[in-house]
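Residue numbering for the sequence shown follows the working numbering, beginning at 10 and increasing consecutively.
Glycine is no exception: its CB is placed at the ideal position from the N, C-alpha and C atoms.
Structure record follows, encoded as structure tokens.
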Amino acid sequence: NYNRTRLGSFYCPGAIINSLQALDSTKIIAGLSNHTLKIYDVNLMAEKLNSCFSTSAAPSVILHSAYTNTILAGLANGTIEKWDIRSSQKIGTISVSRSTIAGLVEGNKTTFFVGDSEGNIKEIDIRNSGTICQTAIHSTLNCMCIIQPTCLVLGTEKELKILGIANNLNPIYQNKIHEVSVKSLCYSPAARLLYTGGYD
């Protein structure tokens, strides 16, 4: 919490936690290396009953769409699986790439942005899985975040890149802010600050 006190922990036997995503104030979902998604109750620090999803490959990134109340899991095999939270059923698969999904962020209520590790970026309609716009950044993508409603921010092996959403995902800024690469990104809307973690 904000007092820098660890409130608890949960254990996933035989698996590595690749990604975490908050569903609401009491639940989080973990993407595990053993090809599963599991929902945990943060108050009990325990897995919820009947909340395990078996994926076709290890989840690398997770996105919870509040608009459709679904989970989008970006996988190591380059696909995105769409899961219904209430029924725990897979309701769709989107083939995006032949490489690992490295970034997955929500756009507006009906779209999301996805990037693979080879630097191919797409805006996709969540309702019909159609591609709205796409581009290639010609660099290895490590992470992604969004500054609503104007910019998509990418952390790559070479530099930080910002793409204009209304500008057909064309670059509007790029800079080598770390000596080697950008490994993580976080944007605070309240503070209007972008935080980066890198390898120097």
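Judging by CA-CA distance, which residue of the options is the nearest neighbour of residue i?
i	options	result
Ile71	Tyr182, Gln30 and Tyr196	Gln30
His73	Leu163, Phe121 and Ala199	Phe121
Asp50	His44, Ser106 and Phe19	Phe19
Asp211	Gly206, Gly116, Ile174 and Ala82	This structure cannot speak to residue 211, because the chain is shown only from 10 to 209.
Thr79	Thr102, Ala85 and Glu132	Thr102
Leu202	Lys167, Ile156 and Thr64	Ile156
Ser63	His44, Ala75 and Leu53	His44
Thr205	Ile181, Ser108 and Thr165	Thr165
Glu56	Val162, Ile146, Leu41 and Thr77	Leu41
Leu113	Thr88, Gln98 and Ile100	Thr88
Cys142	Asn179, Leu169, Ile186 and Ala82	Asn179
Lys139	Ser126, Pro158 and Val105	The sequence as given places Gly at residue 139; Lys does not occur at that position. Ranking Ser126, Pro158 and Val105 by Cα distance to Gly139 puts Val105 first.
Thr144	Ala199, Arg136, Asn137 and Ile171	Ile171
Gly124	Asn137, Lys118, Ile146 and Arg136	Ile146
What are the boundary residues of the beta strand (DSSP E) that includes residue i?
i	result
Ser126	Neither: Ser126 is in no beta strand (DSSP E) and is coded neither H nor E.
Asn179	Asn179 to Asn184
Lys118	Careful: Lys118 lies outside any beta strand (DSSP E) and carries neither H nor E.
Lys170	Leu169 to Gly173
Asn151	Leu150 to Ile156
Val162	Cys160 to Thr165
Tell me the DSSP secondary structure of residue i in three-state form.
i	result
Ile145	Before going on, a small fix: residue 145 reads as Ala here, not Ile. In this structure, Ala145 counts as strand in the three-state DSSP scheme.
Ala199	coil
Asn86	coil
Asn137	coil
Would you list the one or two residues that DSSP bridges to residue i?
i	result
Val191	Gly207
Quiz prompt | Whole alpha helix (DSSP H) elements within the segment 88-112, 4-residue minimum | solution = none
Quiz prompt | Contained beta strand (DSSP E) runs [length at least 3] in the segment 12-77, N- to C-terminal order | solution = Whole beta strand (DSSP E) segments, 3+ residues: 26-31, 36-41, 45-50, 55-63 and 68-74.
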